[in-house]
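So the sequences go chain by chain: A and B. Quick note on numbering: UniProt numbering labels position 145 of the first sequence as 145, and the sequence is numbered without any gaps. Quick note on numbering: UniProt numbering labels position 46 of the second sequence as 46, and the sequence is numbered without any gaps. Just so you know, even glycine gets a beta-carbon here, dropped at the ideal spot from N, CA and C. Keep in mind it's a predicted model, so treat the numbers as computed, not measured. These notes concern the structure reproduced below.
2 protein chains.
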Amino acid sequence: MTTINDIAKMANVSRTTVSRVLNNNGYVSESARERVMKVVEATGYIPSVSAKSLRTKRSGVIGVILPKISTETASRVVGGINEVVAKEGFQILLTDTELNHEKEIEYIRLLHSRHVDGIILLATNVNDRLLNTIEDANLPFISLGQELPGVTSIVYDDYHASRDMTHMIIKKGHKKIAYIGVGEDDPAVGVLRKQGFIETIQEAGLEVEESWIRYGDFSIESGYESMKQIVEASPGNLPTAVFVVTDRMAVGAMEYLKEQGLRIPQDIAITGIGASVMSKYVSPSLTTIDYFNKEAGTMAAELLLEQLQDKNTKKKFLQNYRLIERDSV
Amino acid sequence: MTTINDIAKMANVSRTTVSRVLNNNGYVSESARERVMKVVEATGYIPSVSAKSLRTKRSGVIGVILPKISTETASRVVGGINEVVAKEGFQILLTDTELNHEKEIEYIRLLHSRHVDGIILLATNVNDRLLNTIEDANLPFISLGQELPGVTSIVYDDYHASRDMTHMIIKKGHKKIAYIGVGEDDPAVGVLRKQGFIETIQEAGLEVEESWIRYGDFSIESGYESMKQIVEASPGNLPTAVFVVTDRMAVGAMEYLKEQGLRIPQDIAITGIGASVMSKYVSPSLTTIDYFNKEAGTMAAELLLEQLQDKNTKKKFLQNYRLIERDSV
DNA sequence: CTGAAAGCGCTTACAG
DNA sequence: CTGAAAGCGCTTACAG
């Protein structure tokens with residue numbers, strides 16, 4: 001491999017000078033610059049990032065921690081992140097916790113040891129060890145999707161999104177509304193969305209049957225199963241609408257209803273959250289909420305870049321959303 | 001940051017010894033090992049990857065070059081790759097060419113400079129500059145989805161998959177079959193899939209109207225547009241089936257047909273390729289081909305790991321596929 | 001405007 | 001079984 005020393009020799013300058021022209025800092029005479037550039041181009045020389053990083057403590061790499069890599073939300077977010085960091089010459093180092101909370105902590109430390117310049121975490125839960133690890137790493141850090149005390153967080157407005165959706169369902173005349181959610185160790189999806197739903201229901205003077213509340217695990221199959229349980233638990237007293245906290249589970253629920261010959265929305269209405277591509281093309285098309293995941297990714301990246309410049313903006317940012325009314329309600 | 005020197009001092013050994021216990025090589029007395037481990041744990045010491053990489057020329061990072069990050073295929077493949085490399089302690093450095101051929105080359109060089117231990121490229125085209133760049137990099141290298149001469153390639157069996165699908169359409173009694181493809185600078189999707197289609201058609205003694213052949217750009221919208229053009233170009237003489245080379249474009253085509261009040265499959269049958277999640281939940285459910293993307297990713301990673309061990313296996317691997325018959329034909 | 005030298009944090013022959 | 005020393009390829013005060 002050709003190194004800075006080779007370039008220096010070939011261009012007849014010191015490696016200090018080579019470094020200066022490559023990084024565009026300090027004084028360099030025009031003739032020296034030209035000689036160096038010529039050699040650099042001729043050899044196709046690329047500086048060693050390890051050496052540079054060892055010396056400068058910066059790597060040009062952003063660590064991204066995902067709960068699950070092959071997910072529509074994740075890939076949208078990563079797309080958004082990549083769009084802005086790539087422009088600034090950063091790369092993304094990707095890790096996947098597979099929804100294992102322990103791995104979130106492990107990966108933060110790992111990314112730290114790799115000298116990443118910053119980390120974006122798509123958190124799924126909040127706990128003290130996680131918070132401590134983040135603090136120890138002492139790195140520019142963004143949490144996306146969950147509010148983490150003391151760290152810059154971009155969160156979706158789960159509470160109000162759920163309220164709006166529930167409101168809309170009620171306005172359509174539904175009084176018997178079921179709920180398919182996820183576990184409450186996930187503050188955003190599990191707690192906030194449920195809270196928005198329940199409170200809106202109660203404010204409308206309605207009630208939710210215990211047997212109409214089920215929990216899945218984000219998968220399509222779990223939506224199918226939850227729907228099945230709700231239907232089987234309430235013969236002769238079916239809900240007329242189901243509020244589902246994710247599109248994927250909603251699609252699973254729809255699948256079960258269709259199998260049972262129940263018409264959507266005439267017999268049972270369904271809503272999702274997430275605005276997955278699929279939500280638009282299932283039939284009936286699914287009423288859902290767009291969280292603008294890509295934009296959230298863009299924003300996360302921009303905030304991280306700001307933190308890299310020392311502009312300290314430790315705040316909570318609430319992401320916009322948009323209710324998309326389609327044919328499933 | 002605590003370094004190997006700190007650990008050495010605290011454990012009362014040389015840093016040579018610390019290195020030995022950390023990397024588990026060379027002789028170390030039990031007592032020395034214990035002292036070192038105790039200090040390492042107490043301090044939470046993590047070795048600097050840059051320093052290590054500078055010294056050893058290995059980084060523990062695998063570079064992955066994607067044509068588009070936020071795509072179902074890509075995320076499945078990456079999921080597969082990650083599953084195997086993570087187990088071996090490798091990380092993934094992700095780059096996205098946004099379908100820009102120039103960037104494929106640029107990223108190979110960039111990843112090289114970052115001392116990645118190997119590269120997996122989801123290629124979209126083949127050209128000499130690309131091939132040269134790969135050769136120059138002189139790194140363990142896997143091409144996924146396109147056959148690249150001289151480099152280990154995992155390819156989908158586009159030709160036979162197309163043949164099988166076309167065959168199936170013909171067997172259902174269709175004689176007037178349209179085609180929606182992509183540009184032929186993509187040898188796998190653009191050329192091979194088309195070839196499999198055309199040849200099977202001709203062997204069956206059928207013909208394809210010029211106006212029934214259209215090209216999209218992988219997007220749902222382009223499938224919609226292509227379908228529209230086909231329908232509008234052939235009033236009174238519509239095809240009875242459409243072979244579409246990707247699920248997304250097929251979904252777009254279905255959307256247009258439904259809007260026009262054409263029934264699928266009674267009026268026009270549709271097929272896709274890719275087995276996207278969506279294909280199962282659109283209505284009617286889409287007949288398609290599963291390419292086992294995740295397994296392809298797994299395999300790519302395994303082959304790369306083998307190459308890292310110097311087991312030289314420069315070969316072409318043909319990936320399996322499976323025709324999924326559903327309701328759109 | 002330019003270069004010699006120190007140093008970033010590791011690993012690895014080499015010598016004992 | 002252990003350590004001193006060289007060196008990986010850079011950048012950055014410092015001195016001129």
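In the DSSP assignment, the alpha helix (DSSP H) including B/L111 goes from what residue to what residue? H101 to S113
To the nearest angstrom, report how far apart residue 361 of chain A and A/K176 are at their CA atoms. A question about residue 361 of chain A goes unanswered here, because the residues of chain A that appear run from 1 up to 329.
Note down, in chain order, each residue of its chain lying with its Cβ closer than 7 Å to the Cβ of A/E83, except the 5 sequence neighbours on either side. T298
Are the segment 276-294 of chain A and the segment 266-284 of chain B touching by the rule of at least three beta carbon pairs closer than 8 Å? Taking a cut-off of 8 Å for Cβ pairs, the segment 276-294 of chain A and the segment 266-284 of chain B touch, as three or more such pairs fall below it.
Taking residue 353 of chain B as part of the alpha helix (DSSP H), name the residues at either end of that continuous run. What the structure shows of chain B is the stretch from 1 to 329, and residue 353 of chain B is not part of that stretch, so it cannot be assessed.
Applying the 10 Å Cβ sphere with the 16-neighbour rule, what's the burial state of B/Q309? exposed
In chain B, what lies closer than 7 Å to A/T95 by C-beta? Within chain B, the residues Q91 have their CB atoms less than 7 Å from the CB of A/T95, given in chain order.
Under a three-way DSSP split, which group does A/A241 fall into? Here A/A241 sits in strand by DSSP.
Classify B/G216 as helix, strand or coil using the three-state DSSP reduction. strand
Using three-state DSSP, classify A/S143 as helix, strand or coil. strand
Closer than 8 Å, CB to CB, is B/I46 near chain A or not? Yes, because at least one Cβ of chain A sits closer than 8 Å to the Cβ of B/I46.
Element boundaries [alpha helix (DSSP H), containing B/F197]: R193 to E203
A/G63, DSSP secondary structure in three states: strand
Pick from B/I46, B/V40 and B/L110: whose alpha carbon is nearest that of B/A11? B/V40
Quick one: any contact between the segment 139-157 of chain A and the segment 256-270 of chain A, if contact means 3 or more CB pairs under 8 Å? no
Does the segment 86-95 of chain B come close enough to the segment 45-62 of chain B to have 3 or more Cβ pairs within less than 8 Å? yes
To the nearest whole angstrom, what separates the beta carbons of B/M165 and B/G216, a pair I think is in contact under 8 Å? About 17 Å separates the two Cβ atoms, so there is no contact after all.
By how many angstroms is the C-alpha of B/V85 removed from the C-alpha of A/E34? 43 Å
Using the beta-carbon of each residue, which ones in chain A are nearer than 7 Å to B/A51? L54
Same chain, Cβ closer than 7 Å to A/R129, neighbours up to 5 away in sequence not counted: Taking A/R129 as the centre and dropping the five residues before and after it, the same chain places the C-beta of I105 closer than 7 Å to its C-beta, in chain order.
Taking the runs of the alpha helix (DSSP H) that are 4 residues or longer, which of them lie wholly in the segment 144-176 of chain A? 158-171
Would you please verify whether the beta carbon of B/R163 is less than 8 Å from any beta carbon of chain A? no
Separation of A/E225 from A/I198, as counted between CA atoms: 22 Å
What's the C-alpha gap between A/F292 and A/G252? 23 Å
Do three or more CB pairs link the segment 229-239 of chain A to the segment 204-219 of chain A at distances below 8 Å? At 8 Å Cβ cutoff, the stretches touch.
If you draw a straight line from the alpha carbon of residue 336 of chain A to that of A/G145, how long is it in whole angstroms? Because residue 336 of chain A is not part of the residues shown, which for chain A are 1 to 329, the question remains open.
Is there at least one non-hydrogen atom of the ligand GDP closer than 7 Å to the beta-carbon of B/T2? In the structure shown, the ligand GDP is absent, as is every other ligand, since no ligand is present at all.
In this structure, does DSSP put A/A233 in helix, strand or coil? helix
Below 9 Å on C-beta distance, what does A/H101 contact in chain B? Residues of chain B passing the Cβ test: none, with the nearest at roughly 16 Å.
For A/S70 and chain B, any beta-carbon pair shorter than 8 Å? yes
Assign B/A275 to one of three DSSP states: helix, strand, or coil. coil
Checking 8 Å against the spacing of the C-beta atoms, do A/L111 and A/G79 come in under that value? no
Per-residue contacts from B/S59 into chain A (C-beta, under 8 Å): S50
For a cutoff of 8 Å on Cβ pairs, would you count B/G216 as touching chain A? no
Rounded Cβ spacing between B/I169 and B/A51 (contact assumed at less than 8 Å): Not quite, the Cβ-Cβ distance comes to about 60 Å (not below 8 Å), so this is no contact.
Looking at the secondary structure, which residues open and close the beta strand (DSSP E) in which B/Q319 lies? K316 to Q319
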